[in-house]
Every structure is written in C-alpha cells, then in structure tokens.
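To keep things clear, I will list the structure first and then write my remarks on it.
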Amino acid sequence: MQITFYISAAVAVVATLAVITRYNAVHALLYLIVSLLAVALIFFILGAPFIAALEAIIYAGAIMVLFIFVIMILNLGPQAVRQERAWLKPQMWLGPAALALVLMGELVYLLFSGGQSGQSGAPVGAREVGIALFGPYLIGVELASLLLLAGLVGAYHLGRRGDAAVVVELEEAAARDAEAPAVSALSAGQTEGGDAR
Amino acid sequence: MHSAPASLAIVFGVIIVALSIASGLIWLERRLLAVWQDRYGPNRVGPFGLLQVLADMIKIITKEDWVPPFADAAVFVLAPVAILVPVLLTFAVITYAPGIAVADLNIGLLFFLAMSSLTVYGVVLAGWASDSKYSLLGSMRAAAQMLSYEVFMSLSLMGVVMLAGSFDLKTIVDSQKDLWYIVPQLPGMLIFLMAGIAETRRLPFDLPEAEGELVAGFHSEYSGMKFALFFVEEYLGITLISILIAVLFLGGWQGPLLPPLLWLALKTLLFICFFILLRATFPRPRYDQLMSFGWKVMLPLSLLNLVITGGIVLATR
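Respectively, the protein sequence lines represent chains P and C. Position one of the first sequence corresponds to residue 948 (our numbering), numbered consecutively onward. Position one of the second sequence corresponds to residue 35 (our numbering), numbered consecutively onward.
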C-alpha cells in the first residue's frame, strides 16, 4: 500500500507541474486530468472509495470536459502557444516559488515534529458520507444547493436574453422587409417561428 | 479469494472474451441487419460468413496508418487509446457468476459511472486533435450529448442502489433472488437503456458521427488500426451496457437449470440484438431534438422515479 501511495503521489506532482509549464492549453488540461485521477487513487488508498469515485466522476469526468469543451470552441492555434510562451518568463516563477517554499517548510516541520500522518485506518464508505452530509452538515448541503440553483437560474436568464435578442432582430428584419412585398410573407413566417420558441 | 494462476486466468479470460465478443458483434450486426432488411448479408467467407470478421481485420491492419500533417500528433495517437481503456476497465468490476470476477469492488457501480464519464475524452480529443471541421463538429456534439445523458444515466441507477442498499454489483445481483428489479424499476431500466444508447453513440443517437452531414464525425481523419480501435470500442460499449442491464435489472446470472454464465450470456445477447434492431429501425433525430428530449423529458422522469422509489423504500422499512 505504501509503494502505491508514493507512486500515485509522484504522478500527481509531476502531472501538476506539467499543467503549469505546458504552453498548449489542451495539453495542460490533459495533465490536469491525470493529476486529478492520481489524487482519486490516493483517496482510494487512504480508505475513502466513495470520495475517490466522486473525484473521478465530478472533477475528471464532468468539470474538465467542460473546460476542454470551452477551449475547443475558442479554437486556439499556434499563435496562442507563442503568446503563452512569451508570457511565461523566468521571473514569473519567483512569487509562486516563494509561496511554495513556505508550504514546504511547514510540511518538513510537521514531518519532523511527528504530526498527524493522515492514515486514519477505517475505510469511509458511501453510507458514512451520506449520513454525515444529511446529518450534521445538512445546512451546508442546503446552502450549496441554493447557490447552485441561483447559478442555474442566472444561466437560464442569460440564455433567454440571447434568444430574445434574436427575436427582436428578426422582427426588425421583418419591418424592413415589409417595404418589399415579395418577401414579407416569408419574413412574417420567420418572426412567428421566433416567437414560438 | 483465488490463487494467483486462477486470478490471472480470469483476468485474461475476461479480456479475451470481451474483445472477441466485440469483434464477433460486427458479423452479428451485419447478418441481423440483413435479416431485417430482407437480404443475405456477408455469407461467403467461412461457414455462415463467420470468417468475414477475420478478413476485415487483416484488411484493416494492413491499411496505411496515417497521421494528418495538420493534426496534433501526440493527442491524435492518444485519443483512440483513451476511449478504449475506460470501457475495458469497466469489465473488471462486473461479477459474471459467483466467484468469477476480476475485482469485487464495493463501489462497482460508481466505478462504472466514473469510467463512462472518462470515455468522453477519447471522442472530444479525437475531434480536437484532427483539426478538421467535421471532426470538431462531431466531437462537440458528442461532448454535449454524452455529458447530458450521463446526468440521468447515473440518476436512473440510483433506484436500484436504493432497493439493494449497495453499489456492489454482486450484492445487487444477490438481492434480486426473489424479484428481478425490472419489475419495481421498469422506468429506471428504460431510462438507463436510452442513456446507454446515447453513451455508446448508437442509432438513433449517433449524431456525433452522422454520415449524411459530418462524413464520419469525430473519427473522419482516422485510418487503419486507430480507426479499428474506435470501431471495437463501439461494440465493447454495446456489450458493456447490455451486461449491465442484465446484471442490474434482470437478475444477472440467476436462472433455473442452465449454468449461471450461460444465463448471463443469454440475457446480454437479448439486449445486444435489441441494440441492433434499433439501428435497423429508427431514423436519426435532429440535434436540438436530442438535447431537449434529454433535458426536458428524461431528466424529470428519472428524478420522479427517484423520488417515488425513495418514498416507497422509506415507507416500507
């Protein structure tokens, strides 16, 4: 078990480093997926199979797909890679490296002072997670669901506004075309179609 | 558990049987389509045309393996592997008969859902790396379709999980000793079946590779063995969804007289034939019809199924 932990931890660290250093956005995202899967494996080894599955389903399987989807729509070419390369100068590394050093110092201190090792022992299954979520943490779950609902309504509203703009545009086009009687029947039909949607 | 040689035998047995079923399905699909369309189908090579698959494989292996110069070569090569591996991995958590399973994972069902959400990457990356408009359009359709249908695919299975009280596929089969879950969970099964068709991108949900408008969709630029991997993945996906329906809703290996493995094979074959019948029957819907059907009909239905099942479980316990 120890050796599998160290291997997947090493994979996670290397993949995360690659996420930062890749110039091509899709390649960076692929490394991020590998890193998330490695973290899922670590959860599994530490005795939390349910959280491991959720990590794979939600982070690697859903959120990252949306990221890749967006980057595909942006259609970044070789010039984006060149721009990225120009942005990532050596002096950019100073700030993050200093912050990372602080964290590493803390970690080394904890390791040598014999702090919590993290290995709790008993596996935490789906049942325990569910009981905890809908028992002591119920208010948190409800608040999160309210937040998500607000996001959903907001996204729906923004989507509707786009639709309404299309309808207005079609109506304006119909008004313009009304001067030319030959096409008025066609554009009236278009406007009705827009309204029905 | 098993001894090391027995475990190895099971592991390789599952891989070999799954892959040969997948390639055998190519023959089965062509013959069955021919029957339903009132013609012969491939019947020249070997008995009943069975060796046609072998001939096709020899042909496809000897084809030129071509990476287009405008493609992102690394991702282009990675994509067919990324689509095949998660499907093959899922075969590891299924219990085929008492004692015959590669890994008896207590989160087996969640593992399947995780792997099926990872198959999206193969399709998306294939389209992106090809850098051609047909591939890109196909893979964008695939990403949206598979993400949407995944949502209620997992929701439709939660009814079974509630009744069995476990994510473990072995426990789920054992708890169907008296009553197969197809009876109390008929809506769940129908929803899962439809989501499964969309996940494997089969007709009538094969819009990512609609020939009439997108050439071949996300795998337009692929040839040779890389194309064969996409092809095999499609049939492996069909086999996987059929086995899962048999395990989750039809009592898995349980049945009178015949040996357990044969029962599972028969139930699986029934659904595989149903998949092929669908292809022979249905036209393709429009893309927006597909999406609105998923979000406006299937998602509310699966939520309703979940609420009713939950209420009944709560009232009877």
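Just so it is clear, CB atoms sit at the ideal spot from N, CA and C, and this is done for glycine as well. From a predicted model like this one, the values you see are computed outputs, not experimental measurements.
Three or more Cβ pairs drawn from the segment 995 to 1011 of chain P and the segment 142 to 156 of chain C lie within less than 8 Å of each other, which places the two stretches in contact. Listed in chain order, the alpha helix (DSSP H) elements of length 4 or more contained wholly in the segment 990 to 1061 of chain P are 996 to 1001, 1011 to 1021, 1025 to 1034 and 1041 to 1059. One Cα belongs to V217(C), the other to I50(C), and the distance between them is close to 34 Å. Counting the other CB atoms within 10 Å of its CB gives R1074(P) a total below 16, which places it among the exposed residues. Taking a C-beta distance under 7 Å as the contact criterion, G230(C) and N339(C) do not qualify as a contact pair. With contacts defined as CB atoms closer than 7 Å, F991(P) and V1076(P) fail to qualify as a contacting pair.
Within the model, the alpha-carbon separation for G83(C) versus L270(C) is close to 21 Å.
Assigned with DSSP and collapsed to three states, A198(C) falls in helix.
The alpha-carbon separation between L1095(P) and A999(P) amounts to approximately 23 Å.
Across the structure, R1032(P) and I117(C) are spaced so that their CA atoms are roughly 31 Å apart. What V111(C) touches in chain P, judged by beta-carbon distance under 9 Å, is nothing: the nearest beta carbon there is about 13 Å away. Distance check between I1020(P) and each of L171(C), A262(C) and T273(C) places L171(C) closest, using alpha-carbon atoms only. Against P996(P), the close residues of chain C are N140 and I141, in the order they occur along the chain (beta-carbon pairs closer than 7 Å).
According to the DSSP assignment, Y74(C) belongs to no alpha helix (DSSP H), since it is labelled neither H nor E. Counting along the chain, no alpha helix (DSSP H) covers A126(C), and no H or E run does either. For F239(C), no alpha helix (DSSP H) encloses it, and the DSSP letter there is neither H nor E. By the CB criterion at 7 Å, S169(C) and G161(C) fall inside the cutoff.
With contacts defined by Cβ atoms closer than 7 Å, A52(C) and F125(C) form a contacting pair.
Of all residues in the segment 992 to 1018 of chain P, those with a C-beta nearer than 7 Å to a C-beta of chain C are P996, F997, A1000, A1003, I1004, A1007, G1008, A1009, V1012, I1015 and F1016, reading in chain order. Residue-level contact check: V331(C) does not touch chain P, since none of the beta carbons of chain P fall below 7 Å from its beta carbon. Put simply, the CB of V154(C) is near chain P, with a gap under 7 Å to one of its CB atoms. Chain P has no Cβ within less than 7 Å of the Cβ of A107(C). The Cβ of A135(C) sits no closer than 7 Å to any Cβ of chain P. Beta-bridge analysis with DSSP links I134(C) to A131(C). Here F305(C) is buried. Its C-beta has 16 or more other C-beta atoms within 10 Å. Taking a beta-carbon distance threshold of 7 Å, S151(C) counts as an interface residue toward chain P.
Between I277(C) and T315(C), the C-beta gap is not smaller than 7 Å, which leaves the two residues out of contact. C-alpha of D202(C) to C-alpha of V195(C): approximately 9 Å in a straight line.
Only G161, W162, L170, S173, M174 and A177 from the segment 161 to 177 of chain C bring a Cβ to less than 8 Å from some Cβ of chain P. A straight line joining the alpha-carbon of L282(C) with that of I206(C) spans about 7 Å. In this structure, the straight-line span from the alpha carbon of R351(C) to that of V341(C) is close to 16 Å.
Contact between P120(C) and M149(C) holds: CB atoms are separated by about 4 Å, below the 8 Å threshold. Taking C-beta separations shorter than 8 Å and ignoring five residues to either side along the sequence, the partners of I1015(P) in its chain run V973 and L976, following chain order. DSSP places W100(C) outside any alpha helix (DSSP H), giving it a letter other than H or E.
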